[in-house]
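Here is the structure we will look at, set down as structure tokens.
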Amino acid sequence: MTAQLIDGNALAKTIRAEVSGRTAALKARGVNPALSIILVGEDPASQVYTKHKVNDSAQTGLDATLETYPADMSEADLLARIRTLNDDPKVHGILVQLPLPKHMDSQKVIETISPAKDVDGFHVASAGALMTGAPGFWPCTPHGCMKMLESIGYDLRGKHAVVIGRSNIVGKPMAMMLLAKSATVTICHSATKDLGAITRQADVIVAAVGKLDLLTADMVKPGAVVIDVGMNRKADGKLAGDVDFDGVKEVAGWITPVPGGVGPMTRAMLLVNTLEAAERAAT
Ligand SMILES: Nc1nc2c(c(=O)[nH]1)N[C@@H](CN(C=O)c1ccc(C(=O)N[C@@H](CCC(=O)O)C(=O)O)cc1)CN2
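According to the working numbering, the sequence shown is numbered sequentially starting from 159.
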């Protein structure tokens, strides 16, 4: 292996320790940072992720409540519940776990969350703040990727960063965060022609498509930093990313694993956002 590993578990642990300290300080001022998590339906992966979020919160002193609702809950009832949480001064962060059941309009649900409590950073106001550099919550997954780049002391200025994927929750905000650090950013997607020709020019590659082995060693410039956001189940049930880890690690300079890479960082950044929501509400 030539690449160095960027260990998401280790970095997330450091961030959780920082959150614990800041949470204790806030509690000493009489503010109890609280996160409300809403899970609609019985998607097994979502059940695991929301449970992790509750446990992470408890570990760092944040007060997280998980509300679960049946898959046939009406959209109107969900919106009403969010509005009640918006009006509750004891709740600092609201998170609706995605994906939602098909009969619900996810964007409408997200837009119902108060931007001040949008700890996922998915609201259009949060997206606009990120785009313009105004204060607001950044989506946890791309923010976690930026922290991983920061942890290896990587200077993005003038570097070519290629983001594969254009989702509202990862690809687009990722591109904005890289741009804010003065990288030259290319966004690739399903209609991109000759993906490899573009990724081979990249100093940094962020793969966020959800396609097993999308990025192979022949598509990577020697020494490049490769961040794998993908989370795919292989035929044997094991978790794997979008990057052919075994091949790419022989070419890249730095690489993130799956599991143990971006996933734990996504969860860590949620804690940071929740704490910040409480700190902002307290000032
Ligand atoms: N409201 C949201 N919904 C979803 C988000 C989100 O950020 N907000 N992101 C994903 C799922 N997700 C967070 O909710 C998430 C997925 C995976 C992990 C993680 O820690 N993965 C571990 C492996 C866990 C396992 O064994 O399954 C890892 O990569 O090491 C964290 C968060 C979609 N929905």
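Glycine residues also receive a C-beta, built at the ideal position from the N, C-alpha and C atoms.
Rounded to whole angstroms, Ala222 and Lys185 show a C-alpha spacing of 15 Å. For Glu176, the uninterrupted alpha helix (DSSP H) run begins and ends at 166-186, by DSSP. Going by beta carbons, Leu288 and Pro297 fall inside the 9 Å limit. Between the C-alpha atoms of Asn190 and Arg438 there is a straight-line separation of about 13 Å.
By the Cβ criterion, the segment 381-393 is in contact with the segment 411-427, since at least three pairs of Cβ atoms, one from each stretch, lie closer than 8 Å. Per DSSP, reduced to three states, the secondary structure at Ser194 is strand. Rounded to the nearest angstrom, the Cβ distance from Leu429 to Leu220 is 6 Å, consistent with a contact under 8 Å. Of Leu224, Asp376, Thr344, Val401, the smallest CA-CA separation from Gly368 is found for Val401. When secondary structure is reduced to three states using DSSP, Tyr312 falls in the coil class, being assigned neither helix nor strand. Assignment of beta-bridge partners to Gln162 by DSSP yields Trp412. Of the residues assessed, Gln265 falls on the exposed side of the cut-off, its CB having fewer than 16 other CB atoms within 10 angstroms.
At the C-beta level, Val362 and Ala319 come within 9 Å of one another.
Between the alpha carbons of Gly302 and Ser340 lies a gap of roughly 18 Å. Counting other Cβ atoms within 10 Å of its Cβ, Ile252 reaches 16 or more and is therefore classed as buried. The segment 352-430 contains, as complete alpha helix (DSSP H) runs of 4+ residues, the segments 353-357, 403-406 (chain order).
Between the C-alpha atoms of Leu433 and Gly179 there is a straight-line separation of about 11 Å.
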